[in-house]
Amino acid sequence: QEINEIVYQKPEVGESINVPVIVYHSIRPSYPEESASIKQFTTEPVIFEQELLFLQERGYATISFDDVLAYFDKGKPLPKKSVILTFDDGWENQYNYAFPLLKKYSMTGTFFIFTNAIGHKNFMSWDQIKELDKAGMTIGGHSKTHPYLTKITDPEKLAVEISNSKNTIEEHIGKPITAFAYPFGLYNEQTIE
Numbered sequence: 062q063e064i065n066e067i068v069y070q071k072p073e074v075g076e077s078i079n080v081p082v083i084v085y086h087s088i089r090p091s092y093p094e095e096s097a098s099i100k101q102f103t104t105e106p107v108i109f110e111q112e113l114l115f116l117q118e119r120g121y122a123t124i125s126f127d128d129v130l131a132y133f134d135k136g137k138p139l140p141k142k143s144v145i146l147t148f149d150d151g152w153e154n155q156y157n158y159a160f161p162l163l164k165k166y167s168m169t170g171t172f173f174i175f176t177n178a179i180g181h182k183n184f185m186s187w188d189q190i191k192e193l194d195k196a197g198m199t200i201g202g203h204s205k206t207h208p209y210l211t212k213i214t215d216p217e218k219l220a221v222e223i224s225n226s227k228n229t230i231e232e233h234i235g236k237p238i239t240a241f242a243y244p245f246g247l248y249n250e251q252t253i254e
């Protein structure tokens, strides 16, 4: 029996789209004694839930970076109002607070993890990461040790930070990962290569 593949209309060369990407770090209650530099990377669960409700009430649908690639590579349609939610570093509080709320509102997120932190205090375990993956969340790479990649000039060290972390994640979740977030958002030609 033949399986008919759906054929989409690819976008024109040079076409662009606007997809907001909202970046989160810690999702947890904050504490009065915390410094402003810590608070700037923390979203309280009640605020996070209000933000999810805001998006839902305005008709936004969460997508992944793979969905964006499928649009450009194959023409696979995207929801009219798409948004990507990302979570950096692999903090355990993302699993404890963000993950249940994403499930509650039938939304997805992309979790960028750096592999040396996995299983350490305050960071997710491999079992938690696998559970995120099985629930439809996207797991992405965020390096091995979360360094300033632009300060590394040795190509072998860069390969360890980027490729090694990708391979480690793939071995644990059993499928390819295609998304990568540069630590601190910093990159140059060498890190891209």
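Residue 115 in my numbering sits at position 54 of the sequence shown; the count goes up by one each step and never skips.
Where a beta carbon is used, it is the ideal one built from N, C-alpha and C, also for glycine.
Residue i classed as buried or exposed, judged by whether at least 16 other C-beta atoms fall within 10 angstroms
i	result
residue 95	exposed
residue 250	exposed
residue 205	buried
residue 220	exposed
residue 111	exposed
residue 101	exposed
residue 190	buried
residue 67	exposed
residue 128	buried
residue 210	buried
residue 113	buried
residue 145	buried
Whether residue i touches residue j by CB criterion (8 Å)
i	j	result
residue 273	residue 244	Residue 273 lies beyond the stretch modelled for the chain, which goes from 62 to 254, so this question has no answer here.
residue 88	residue 109	yes
residue 169	residue 126	no
residue 80	residue 149	no
Cβ separation of residue i and residue j, assumed to be a contact under 8 Å, to the nearest whole Å
i	j	result
residue 82	residue 147	6 Å
residue 140	residue 122	4 Å
residue 238	residue 227	6 Å
residue 178	residue 197	Between residue 197 and residue 178 the Cβ distance is about 23 Å, and since that is not below 8 Å, they are no contact.
Rounded C-alpha distance that separates residue i from residue j
i	j	result
residue 98	residue 185	22 Å
residue 157	residue 193	11 Å
residue 107	residue 208	31 Å
residue 135	residue 222	31 Å
residue 115	residue 166	11 Å
residue 73	residue 132	11 Å
residue 69	residue 229	34 Å
residue 173	residue 160	14 Å
residue 253	residue 130	18 Å
residue 233	residue 155	19 Å
residue 90	residue 164	19 Å
residue 200	residue 104	20 Å
residue 218	residue 235	25 Å
residue 263	residue 153	As displayed, the chain neither begins before 62 nor continues past 254, which places residue 263 out of reach and without an answer.
Extent of the continuous beta strand (DSSP E) run through residue i
i	result
residue 82	82-85
residue 150	143-150
Limits of the alpha helix (DSSP H) - the one that residue i falls within
i	result
residue 130	126-135
residue 98	97-100
residue 108	106-118
residue 252	250-253
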